[in-house]
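Just so we're aligned: the sequence shown equals residues 4 to 945 in my numbering.
Notes to accompany the following structure.
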Amino acid sequence: MLFLPLVPAQSHEVQADFSEKHPKIESELIEKMNSVPNEEKIPIVVNFPKGYSQREMSDFLQELDLQDVLIRHVFSLIPVVSLYAEKSAIKELTTIPLIERVGFDSKLQVTSGNEKVVTNDDGDLGYTHPDEILDTGSLIENGFNGTGIQVAVLDSGAQGNHPDFEDRLIGFKDFVSDSNQDDMDPSDGVDAYDDNGHGTACSWLVAGTGEMNGGNYTGIAPGANLLIVKVLDEDGAGDDSVIAQGIEFAVDSGSDVISLSLGGPMADVTTEDPSMQAVEAAVEEGVTVVIAAGNTGPAAYTINSPGVLEQAITVGSSADGTGVVAFSSRGPVNRQYAEPNGFFAKPDIIAPGLNIMSGRAESAGSFEYPIYNYSQYGSHYTQFSGTSASTPQIAGLVALLMSKYPYLRPIESKTAIMAGATDLDQDSMEQGWGLANVTRSDILLDSTDTFTLMTPRSYPTLPGSKKVLIVGEDRGGQNISVLSTDDRGNLNIQSFGNASQFIRVPQSVNVQEGYSHFGISLNMPKDLPLSSIGDYTGQLVLSTSSNNITSIELEFSITSYGGKLMVDMAHHSAEDADDPSYYRYFTEYLKNQGILLSQFPGDSGSSTIDTGILSTTETFMIMDTETAYAEREIEAIHEFVENGGTLFILSEFYDSQAGSASFGIDYYNMILEPYGIQCEEYEIGRGPDDQTGVFYGEDYGGIVENDSLTEGVENLYVLSGSTLSINSSVAGAQGLFWYSSDKEHALIAKADYGDGRVIAMSDGSTLYDNILYDAIRGGADNLRLLRNIAGSLIPERPRVFDIEFDEDQVGEITNIVTYVFDNDLEDVTMRITGPNDEVLEPEVTEELGYKFVASMNVTNGGFYEVTVTATDASGNTRIAKKIFLVPVSSPGQDLTTIVTILFIGIVVIGLVYVAAIKFNVRDKLDSGWEIEVEEDEGPLIE
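What follows is the structure, encoded as structure tokens:
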């Protein structure tokens, strides 16, 4: 380190308008400065203009003779200096014209995600190692095992004396410990350490030899050389600048590949962060950089930094070869600072990341890294999960390819890995180009030295959906990236198939070596006939005048409107808020039915359930809520069901040992009491540890009744729950899935009540995505159950999507439009009450089979209440009211200023439907585990 003179600190307060006075200081640093004493030294990074050399930056800072500053590192790879500085010095740095930015040196973390770990002491039955899934056999059998390729693993270190690392480690660099423990001389073995365990597990997956398991299981490239660079501490955390130092060291040490199983904020806070600059610079120097996507899925926009960078290979996780794991972070990435700006596809590729066998360090914790198969292998191996496990596998694949094609540039290795992937038919923002298959990548490299492909692999993608409501939607813009190993010049952009009529793209794009881009959008007009409902497919093709160069798939469906499901979020404790992001597969099955999901409380401002709130939805969902329900709320729920609504209620865990429930069991039973269903103080689930559940069903002594909800459901996997009792004397109450043959305790029940019904399940976590993966691996039918439930929630009653005023002017004829859906809709009427209590009942005209239009003359400003009554052939009626405020003004004022005040409702026959629903962009429907993976040719690539 370089030391600069220190003087006593002076008092400096960071003012509220500090960011305006000092625009070079980024916001995170300002927050940090506001939270620490004046004399505390803050880790910061200072950015100089591009092209500034290490010596120039060092000399400049020395000449400044700044006080209260300690220089940590002056970079050679990027124009950055990392320092410790007090507030006074930070302010002074911002006044120097040459300095472009002063930022906080934030922490990055390991990206392990051991949400579920299975230890195996009974041999390797049922385990498939990633090398088989990624198809490495052909290359390795032909002698291309990574020999001669140097892979730098930047992590928490590695246990140098692990038998599987013998002759694989060529160096160890420690950027974390103050003591000098570097060892860059491999002649007598490399003395490396790992005080966390994460680095050992990641490094082993690159090049572990399998010495201690007889060579049955090895790293992906067992002949590759490992450069171990310790940038993370014993807690798996490291300063961003330290990680950048590690990247710089790896580049300077001649690494071919860098593996980074770590990440920071989910957005590209700024490309000025050292790690992001260093990744970009490393790629420019010819080093392929592989980065973990992160473990914050299944929501969109969750890719970790620096994995948001275009130049990196960003890696998500699969469960074996079947589908994307729930925890794997999803795209798109919204690059607000990184060039190019906008929404772009990530991840690029996936590899196995669930319960992956790897090397275990002696220092590793038993929970995060449990011993795998001790009876055969001792304590040398573990299983761990996360995109951290997937990333070194892709780094290993690159090493395999480079051992055969040693001059591969980063863009070539990236496109070859992507082009060879197996499409799992999941959203491109989940799977990237799919599951890596290095044999196919090898075949492609053998056949061509030019790759051009587009990403995402198909469109539309997250955060939208492949299900689009017929009422119309204009998707926001997204970007297509063109990856090419050569300059292609100007290429035509054409779309084909029946999907092309709704796709908007430019006519051409100039494709350069590296990355080129163009925008794409999905424009769905409102006035489509019901006959438009169906599937739409096609291709988007880049071509010259004579040849097609590359293509992606276009695929979506237009659906009817199936109603709304409202989730009660008002009665969750702050410590255990089970929001809908936990059960994305279920919500996607809802979207497949055209059912929109909303949360209570929403925009209404009320946090109390009442009949007005419940009248805005067809289904009300209560799952694992903990806080009290007021008596009037319970009465409103009962009225909701009686008048035709569906109550979907899921209980939680009852701890028999503690004699307590993790949910509001007493309130649940008050809600369920009229329906002959009660939550019991009877524990189910909870296997040998808190992360393991139990299987129930026909194969385990249970009974499953014949019902549409349980069709195809024989067994279920329950993490931790409690059973239900059924009072058969209550009409309509029925148990559907029984714990045992005596039919005393049910896991699923239903009840018909009034015009509505109740569906009850014994464990809310049955919906959770991470539980579904465990269920599927064990042969349970949780996913089929959720699909059945979603399919049952479309009511056999009219469904009102919205009521609208057409834009027009005061004093002129205005159209009032409502959208009503029902299979046997018989009549729709409107009643309009004006500001002077005048009542109009205009003639209603049907258009398109679901759009109903009436006309009126808006003569005055004030409140207008529009009441829509929809009746079907079975006599079911839905009434919706919407109140608009037209500002008092002279004729000619544009009605675009109309303010929607309220949607209210009354009970007539059946359930009243009242809602001011806004049709927003909706998430993608995963085909998930239903899809059989085939070795198809996929989109066109040259």
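Even for Gly, the Cβ is constructed at its ideal location relative to N, Cα and C.
Since the structure is predicted, the reported quantities are computational estimates derived from the model, not experimental observations.
Looking at residue j and residue i, is the spacing between their C-beta atoms short of 8 Å?
i	j	result
I616	R460	no
P82	N50	yes
Q335	Q481	Residue identity check: residue 335 is Pro in the sequence provided, not Gln. For P335 and Q481, yes; Cβs fall inside 8 Å.
G648	E676	no
Q510	N495	yes
G679	A763	no
L111	G300	no
G705	S743	yes
G202	A161	yes
S256	L230	yes
I640	F623	yes
Y377	M215	no
V570	F603	yes
L719	N785	yes
Alpha carbon to alpha carbon, what distance is there between residue j and residue i?
i	j	result
E844	V820	14 Å
E683	Y632	19 Å
P801	G759	14 Å
Y539	V861	41 Å
D426	F346	22 Å
M187	F175	6 Å
R507	F499	12 Å
I353	D170	29 Å
V842	R834	7 Å
Y55	F589	53 Å
D702	F740	12 Å
I668	M572	17 Å
F804	G852	13 Å
G688	E708	21 Å
D323	G140	17 Å
Q70	K90	11 Å
A661	L404	56 Å
G226	D490	34 Å
A295	L888	51 Å
F521	K349	16 Å
F922	I598	Here F922 scores only 25 on pLDDT, less than 50, and its place in the model should not be relied on; the value that follows carries that caveat. Straight-line Cα distance between these residues: approximately 11 Å.
Y670	G738	21 Å
D62	K35	28 Å
A439	R587	25 Å
V277	P309	Rather than Val, the amino acid found at residue 277 in this sequence is Pro. In a straight line, the C-alpha of P277 is about 10 Å away from that of P309.
P52	E251	18 Å
Report all residues from its chain with a CB closer than 6 Å to the CB of residue i; omit the five preceding and five following residues, and keep chain order.
i	result
T874	E829, D830 and T880
G767	M626, D627, L653 and E655
Y585	Y771
H574	T628 and T630
E938	Confidence at E938 is low in this model, with a pLDDT of 33, below 50, so its placement is unreliable and no value can be given for it.
S2	This structure cannot settle anything about residue 2, because the visible part of the chain is limited to 4 through 945.
I28	T97 and V105
V48	V83, S85, G106, D108, S244 and P277
Who are the Cβ neighbours of residue i in its own chain at under 7 Å, not counting the five residues just before and after it?
i	result
T385	A204, S361, R363, A367, Y372, P373, I374 and Y375
L456	T418, M421, A422, L486, T553 and I944
G222	W207, L208, V209, A210, G211 and G399
R412	G289
P532	L851 and G852
S609	I616
Which same chain residues end up closer than 8 Å to residue i when comparing Cβ atoms and leaving out the 5 residues on each side of it in sequence?
i	result
P133	L208, I223, A354, P355, I359 and Q396
E516	I414, S487, T488, D489 and D490
Exercise. Assess, as a yes-or-no matter, whether the segment 712-725 is touched by the segment 799-811 under the definition of 3 or more beta carbon pairs within less than 8 Å.
Key: no
Exercise. Please go through the segment 360-444 and give each complete alpha helix (DSSP H) segment of 4 or more residues, from N-terminal end onward.
Key: 377-380, 390-407, 413-422 and 431-434
Exercise. Tell me the start and end of each unbroken beta strand (DSSP E) in the segment 832-884 that is at least 3 residues and wholly inside, in chain order.
Key: Taking 3 residues as the minimum length, the beta strand (DSSP E) runs contained wholly in the segment 832-884 are 848-850, 854-860 and 865-875, in order along the chain.
Self-check item: Completely contained alpha helix (DSSP H) runs for the segment 245-321, where each covers 4 or more residues
Solution: 277-287
Quiz item: Okay, do the segment 79-95 and the segment 244-251 touch, 3+ Cβ pairs below 8 Å being the bar?
Solution: yes
Quiz item: Is there contact between the segment 155-168 and the segment 256-265, where contact requires at least three CB pairs shorter than 8 Å?
Solution: Contact check between the segment 155-168 and the segment 256-265: three or more CB pairs, one atom from each, fall below 8 Å, which counts as touching.
Quiz item: Is there contact here, the segment 60-80 with the segment 272-287, by at least three beta-carbon pairs under 8 Å?
Solution: yes
Self-check item: Completely contained beta strand (DSSP E) runs for the segment 636-701, where each covers 3 or more residues
Solution: If you keep only unbroken beta strand (DSSP E) runs of at least 3 residues inside the segment 636-701, you get 649-653, 680-688 and 697-700.
Quiz item: Residue ranges of each beta strand (DSSP E) run of no fewer than 3 residues wholly in the segment 762-815, ordered along the chain?
Solution: 802-808
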